[in-house]
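Reading through the structure tokens given below for one structure.
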Amino acid sequence: GIEKRDLMDFQFNADDLEAQMRIKDVFDPKWLLNPAKVFPLKHTEDRRKNWVQFAAHAAE
8 GIEKRDLMDF QFNADDLEAQ MRIKDVFDPK WLLNPAKVFP LKHTEDRRKN WVQFAAHAAE
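What follows is the structure, encoded as structure tokens:
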């Protein structure tokens, strides 16, 4: 995971990464499984933050 994560920008373009992350959204909508290990961090930050904010509001 971590070893390939930082090289994915060289292997895939932004559209490819987005498609892969959409698939992850379907199977892991809360981004609980390897949340910062599979995709480059700069591409997943918004998804991870959005879920944390959603979970915080849901707990209220």
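Sequential numbering of the sequence shown, starting at 8, is according to the numbering used here.
C-beta: ideal position from N, C-alpha, C; glycine also.
Where does Gln21 sit, in a helix, a strand or coil, going by DSSP? In the sequence shown, counting from the first residue as 1, residue 21 sits at position 14. Looking at the sequence shown, residue 21 is not Gln but Ala. In the three-state reduction of the DSSP assignment, Ala21 falls in the helix class.
Alpha carbon to alpha carbon, what distance is there between Leu48 and Lys31? Taking the sequence shown and counting its residues from 1, one reaches residue 31 at position 24. Taking the sequence shown and counting its residues from 1, one reaches residue 48 at position 41. Rounded to the nearest angstrom, the two C-alpha atoms are 15 Å apart.
State buried or exposed for Phe46, treating a residue as buried only when at least 16 other CB atoms are found within 10 Å of its CB. The residue given as residue 46 occupies position 39 in the sequence shown. The residue in question, Phe46, is buried, as its Cβ has 16 or more Cβ neighbours within 10 Å.
Do Arg12 and Trp38 have their CB atoms nearer than 7 Å? Residue mapping note: residue 12 aligns to position 5 of the sequence shown, counting from 1. Residue mapping note: residue 38 aligns to position 31 of the sequence shown, counting from 1. No; because the gap between Cβ atoms is not below 7 Å, this pair is not in contact.
I'd like to check one pair, Leu14 with His50: are the Cβ atoms closer than 7 Å? Sequence index remark: in the sequence shown, residue 50 carries index 43 (1-based). Sequence index remark: in the sequence shown, residue 14 carries index 7 (1-based). Their beta carbons are not under 7 Å apart, which means His50 does not touch Leu14 by this criterion.
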